[in-house]
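Below is one structure, written out as structure tokens; the observations come after it.
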Amino acid sequence: METQVLFVLAESGSSADLTVALAGVIISAIVAWVTARRTIAGDERRALREGNMRLMEWAIAYPFLETQAFCDEWPSKPRGDEDATRYEFYCCHVFNVLEQCWEFCDGDLDKMKHILYPDELIKSHQRWWLHDPLNQEAYKVPFRQFVTSRIHAITGGEV
3 METQVLFVLA
13 ESGSSADLTV
23 ALAGVIISAI
33 VAWVTARRTI
43 AGDERRALRE
53 GNMRLMEWAI
63 AYPFLETQAF
73 CDEWPSKPRG
83 DEDATRYEFY
93 CCHVFNVLEQ
103 CWEFCDGDLD
113 KMKHILYPDE
123 LIKSHQRWWL
133 HDPLNQEAYK
143 VPFRQFVTSR
153 IHAITGGEV
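Numbering (this note's numbering), first residue to last: 3 to 161.
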């Protein structure tokens with residue numbers, strides 16, 4: 003298709019025609035790029051909303067997941083216990099949603115607060131995050147540093 007366009011442009015003969023055609027191509031490319039960026043941002047925002055809704059649904063169905071007493075007892079729950087297993091999966095999802103939000107907002111905490119409450123989630127589930135280093139391995143180093151810095155800011159360095 004590019005060769006056809008170039009062929010047509012070459013036959014036009016006038017440099018004014020060529021300039022108009024090139025301007026049209028450039029404008030079309032810019033419009034396509036802007037449209038694609040908006041579509042991607044909309045898809046990312048929709049995925050964040052869905053992830054956040056899933057967190058709320060789980061917290062309503064299993065209120066202990068957000069009960070501070072349960073979270074503070076972690077990891078004393080015996081492995082294999084149904085509640086402990088559910089909490090493991092829930093925390094994975096919590097930090098997955100946090101990472102999505104962190105990436106969407108380019109690591110800007112103020113922007114993140116317009117989508118969800120990162121400090122509240124991090125404070126509640128910090129024991130899960132800190133207990134097993136394997137919990138952190140799936141996440142990018144800058145995000146891990148963000149979570150660690152938020153834990154220190156929230157707790158004053160005490161865990």
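All C-beta atoms, glycine included, are put in the ideal place defined by N, C-alpha and C.
Source: prediction; values computed, not measured.
Taking just the CA atoms, how far does residue 75 sit from residue 133? On the sequence shown, residue 133 is found 131 positions in, with the first residue counted as 1. On the sequence shown, residue 75 is found 73 positions in, with the first residue counted as 1. Between residue 133 and residue 75, the C-alpha separation is close to 11 Å.
Which residues in the same chain as residue 62 place their Cβ atom closer than 6 Å to its Cβ, once the five residues preceding and following it in sequence are excluded? The count along the sequence shown starts at 1 and reaches residue 62 at position 60. Excluding positions up to five away in sequence, the list is empty.
Helix, strand or coil at residue 32 according to DSSP, with G and I counted as helix: Working through the sequence shown from its first residue, we reach residue 32 at position 30. Residue state for residue 32 is assigned as helix, using DSSP reduced to three classes.
Alpha-carbon spacing of residue 110 relative to residue 46, whole angstroms: Counting from one through the sequence shown, the residue named residue 110 turns up at place 108. Counting from one through the sequence shown, the residue named residue 46 turns up at place 44. If you take the alpha carbons of residue 110 and residue 46, they lie about 16 Å apart.
Would you check if the distance between the CB atom of residue 141 and the CB atom of residue 101 is smaller than 8 Å? By one-based count along the sequence shown, residue 141 stands at place 139. By one-based count along the sequence shown, residue 101 stands at place 99. Using a Cβ distance threshold of 8 Å, residue 141 and residue 101 count as a contacting pair.
Is residue 103 closer than 8 Å to residue 57 when the C-beta atoms are compared? Here the question's residue 57 lines up with position 55 in the sequence shown. Here the question's residue 103 lines up with position 101 in the sequence shown. If you check the CB distance, residue 57 and residue 103 do not come in under 8 Å.
Three-state secondary structure (DSSP) at residue 73? Looking up residue 73 in the sequence shown gives position 71. Helix at residue 73.
Judging by CA-CA distance, which residue of 18, 158, 89 is the nearest neighbour of residue 64? For the purposes of this step, residue 64 is identified with residue 62 of the sequence shown, where counting begins at 1. Selected option, being the one with the closest Cα: 89.
Where residue 125 and residue 118 are concerned, what is the direct C-alpha to C-alpha distance, given to the nearest angstrom? Taking the sequence shown and counting its residues from 1, the one referred to as residue 125 is at position 123. Taking the sequence shown and counting its residues from 1, the one referred to as residue 118 is at position 116. If you take the alpha carbons of residue 125 and residue 118, they lie about 13 Å apart.
Measuring straight from C-alpha to C-alpha, what distance separates residue 55 and residue 48? If you number the sequence shown from 1, residue 55 lands on position 53. If you number the sequence shown from 1, residue 48 lands on position 46. Each residue's alpha carbon lies about 10 Å from the other.
Helix, strand or coil for residue 124 per DSSP? The residue given as residue 124 occupies position 122 in the sequence shown. Helix, per DSSP.
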